[in-house]
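Trainee: Those sequence lines, one after another, are chains A and B.
Residues in the first sequence are numbered from 511 upward in steps of one, following this note's numbering.
Residues in the second sequence are numbered from 511 upward in steps of one, following this note's numbering.
Submitted below is the structure of interest, expressed as structure tokens.
2 protein chains.
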Amino acid sequence: MRTTKQRKLVLEIINNSHDHLNAEDIYYECRKKLPNISLGTVYRILNQLSERQMIKRLKFESYDCFDSMKRQHSHFYCVKCHHIYDIFDELINVDKIKVPGKINDYDVKFVGTCDVCLNKKED
Amino acid sequence: MRTTKQRKLVLEIINNSHDHLNAEDIYYECRKKLPNISLGTVYRILNQLSERQMIKRLKFESYDCFDSMKRQHSHFYCVKCHHIYDIFDELINVDKIKVPGKINDYDVKFVGTCDVCLNKKED
DNA sequence: CTCCTTATTAGTAATGATTACTAAATATAG
DNA sequence: CTATATTTAGTAATCATTACTAATAAGGAG
């Protein structure tokens with residue numbers, strides 16, 4: 511895998527973001543520094559980086575989001591406001607899980623209604 | 511929500527299946543009994559049922575799969591053969607998890623290479 | 001440093017899963 | 001049984017993602 515300015519930029523954007531960016535978000539961020547980068551390039555880089563486990567692909571809505579690999583965490587998705595909250599509690603001891611194979615990665619996702627939206631409803 | 515033969519059939523198919531069927535799979539199953547059912551109807555019913563938490567929507571590949579609600583379980587996805595294994599160990603005590611809201615549902619997904627594919631590789 | 005090979009890119013077209021739309025059909029409350 | 005609102009089949013449209021191609025650029029060998 512060659513070091514290109516496009517790939518470095520995509521990785522940098524993901525590693526420096528605390529949000530859950532999708533391909534389009536990352537594309538627009540990229541264009542601030544590389545105005546000619548193409549969306550296809552962003553998609554290809556995202557695929558390469560997640561295959562090599564340099565970033566994490568998340569499936570929440572109709573599109574995929576991407577997270578840095580910095581720290582394992584879970585997610586709580588609010589069905590009302592569609593916000594994704596990071597949950598940093600250690601939930602699973604992966605070494606103890608018995609699966610019929612070798613685990614590369616795992617993902618814990620909670621779905622529900624966040625406190626902000628619950629409070630709105632009670633008005 | 512009215513009781514229609516289409517909706518009853520979709521729910522029945524999901525509840526009686528041990529696989530992880532996608533919309534197209536369910537559509538073809540449906541057509542065995544209702545040859546005129548349309549794919550759009552299947553999609554609409556799948557959305558209604560999962561919104562009402564009568565079935566569970568799973569996001570693994572480029573398309574969504576659907577599971578019955580019968581028994582909470584996790585999944586192990588093999589990146590080589592794309593098979594989805596059910597994991598029935600209790601991994602998480604949901605009551606103890608602190609999230610900023612009310613949890614309706616959760617999902618634990620492991621990704622890696624299954625034993626079958628690991629053994630193939632070693633030949 | 002220069003050349004050469006091969007990966008990568010920008011731009012665009014194509015794909016595939018899902019949703020939107022509409023007139024006709026059907027469930028169910030009264 | 002009748003009226004009304006929901007649901008349906010069939011089709012067109014949408015949206016995220018992938019495929020394709022000629023041009024560009026990374027980086028190893030000389």
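Backbone N, C-alpha and C define an ideal beta-carbon position, used for all residues, glycine too.
Which residues does DSSP list as the beta-bridge partners of L531(B)?
Mentor: By 1-based counting over the second sequence, the position of residue 531(B) is 21. Answer is F576(B), bridged to L531(B).
Trainee: At which residues does the beta strand (DSSP E) containing K569(A) begin and terminate?
Mentor: The sequence position of residue 569(A) within the first sequence is 59, counting from 1. Segment 565–569, the beta strand (DSSP E) holding K569(A).
Trainee: Answer yes if the stretch 597–614 of chain A comes into contact with the stretch 574–589 of chain B, meaning at least three C-beta pairs across the two stretches below 8 Å, and no otherwise.
Mentor: Because the criterion of three Cβ pairs below 8 Å is met, the stretch 574–589 of chain B and the stretch 597–614 of chain A touch.
Trainee: For H585(A), write down the residues that DSSP places opposite it in a beta bridge.
Mentor: Your numbering for residue 585(A) matches position 75 in the first sequence. Partner(s): D596(A), K619(A).
Trainee: For I547(A), which beta-bridge partners are listed by DSSP?
Mentor: Looking up residue 547(A) in the first sequence gives position 37. For I547(A), which the question treats as bridged, DSSP gives no partner whatsoever.
Trainee: Among residues of its own chain, excluding the 5 on either side of R562(B), which ones have a beta-carbon nearer than 7 Å to its beta-carbon?
Mentor: Translated into the one-based positions of the second sequence, residue 562(B) becomes position 52. None.
Trainee: Roughly how many angstroms separate the alpha carbons of H528(B) and Y595(B), rounded to a whole number?
Mentor: On the second sequence, position 18 is the one that residue 528(B) refers to. On the second sequence, position 85 is the one that residue 595(B) refers to. Between H528(B) and Y595(B), the C-alpha separation is close to 10 Å.
Trainee: Under the assumption that I536(B) contacts S578(B) (Cβ atoms under 8 Å), give the Cβ distance between them as a whole number of angstroms.
Mentor: In the second sequence, the residue the question calls residue 536(B) occupies position 26. In the second sequence, the residue the question calls residue 578(B) occupies position 68. No, I536(B) and S578(B) are not in contact; Cβ-Cβ is about 12 Å, not under 8 Å.
Trainee: Could you pull the DSSP bridge partners for I613(A) from this structure?
Mentor: Taking the first residue of the first sequence as 1, we reach residue 613(A) at position 103. I613(A) pairs with G622(B).
Trainee: Run through DSSP, which three-state label would K606(A) get?
Mentor: Translated into positions along the first sequence, residue 606(A) becomes position 96. Looking at K606(A) - three-state DSSP - the assignment turns out to be helix.
Trainee: Answer with yes or no whether the minimum CB distance from C624(A) to chain B is below 7 Å.
Mentor: Locating residue 624(A) in the first sequence gives position 114, counting from the first residue. Taking Cβ atoms only, chain B reaches closer than 7 Å to C624(A), which makes this a yes.
Trainee: H583(A): which of S548(A), L601(A), R567(A) sits nearest, CA to CA?
Mentor: To locate residue 583(A), count along the first sequence from 1; it is residue 73. H583(A) has its Cα closest to that of L601(A), out of S548(A), L601(A), R567(A).
Trainee: Would the beta-carbon of L568(B) fall within 7 Å of that of K543(B)?
Mentor: Taking the second sequence and counting its residues from 1, one reaches residue 568(B) at position 58. Taking the second sequence and counting its residues from 1, one reaches residue 543(B) at position 33. Result no, Cβ atoms of L568(B) and K543(B) do not sit closer than 7 Å.
Trainee: Can you check which of these residues, G622(B), Y616(B), L628(B), C624(B), is closest to T623(A) by C-alpha distance?
Mentor: Working through the first sequence from its first residue, we reach residue 623(A) at position 113. The residue from G622(B), Y616(B), L628(B), C624(B) with its alpha-carbon nearest to that of T623(A) is Y616(B).
Trainee: Verify the contact flag: P545(B), CB atom, against every heavy atom of the ligand NAD, threshold strictly below 6 Å.
Mentor: Summarising the ligand content, the structure contains no ligands, and the ligand NAD is consequently not present.
Trainee: Taking the C-alpha atoms as reference points, what is the distance between V552(A) and K580(A)?
Mentor: Working through the first sequence from its first residue, we reach residue 552(A) at position 42. Working through the first sequence from its first residue, we reach residue 580(A) at position 70. Rounded to whole angstroms, V552(A) to K580(A) spans 21 Å at the Cα level.
Trainee: For L601(A), report the span of its alpha helix (DSSP H) as first-last.
Mentor: In the first sequence, residue 601(A) corresponds to position 91, counting from 1. Unbroken run through L601(A): none, as it is neither H nor E.
Trainee: Could you give the distance in angstroms between the alpha-carbon of F620(A) and the alpha-carbon of I565(B)?
Mentor: Within the first sequence, residue 620(A) is the residue found at index 110, counting from 1. Within the second sequence, residue 565(B) is the residue found at index 55, counting from 1. In a straight line, the C-alpha of F620(A) is about 16 Å away from that of I565(B).
Trainee: Taking its Cβ as the centre, do 16 or more other Cβ atoms sit within 10 Å of F576(B), making it buried, or is it exposed?
Mentor: Position 66 of the second sequence, counted from the start, is the residue given in the question as residue 576(B). Classification for F576(B): buried.
Trainee: Quick one: does F620(A) have its CB under 7 Å from some CB of chain B?
Mentor: Position 110 of the first sequence, counting from 1, holds the residue named residue 620(A). Interface with chain B (7 Å Cβ-Cβ cutoff): F620(A) is included.
Trainee: Check whether the Cβ atoms of V618(A) and V618(B) sit closer than 7 Å, and answer yes or no.
Mentor: Looking up residue 618(A) in the first sequence gives position 108. Looking up residue 618(B) in the second sequence gives position 108. Yes; because the gap between Cβ atoms is below 7 Å, this pair is in contact.
Trainee: Closest by CA to N557(B), which one among S548(B), K606(B), A533(B)?
Mentor: Taking the first residue of the second sequence as position 1, residue 557(B) is located at position 47. When each option's Cα is compared against that of N557(B), the closest is A533(B).
Trainee: By DSSP, does C591(A) sit in helix, in strand, or in coil?
Mentor: Position 81 of the first sequence, counted from the first residue, corresponds to residue 591(A). Of the three classes helix, strand and coil, the one that applies to C591(A) here is coil, per DSSP.
Trainee: Please go through the same chain and pick out, in chain order, the residues whose beta-carbon is closer than 6 Å to the beta-carbon of Y454(B), but skip the five residues on each side of it.
Mentor: Any question about residue 454(B) goes unanswered here, given that chain B covers just 511 to 633.
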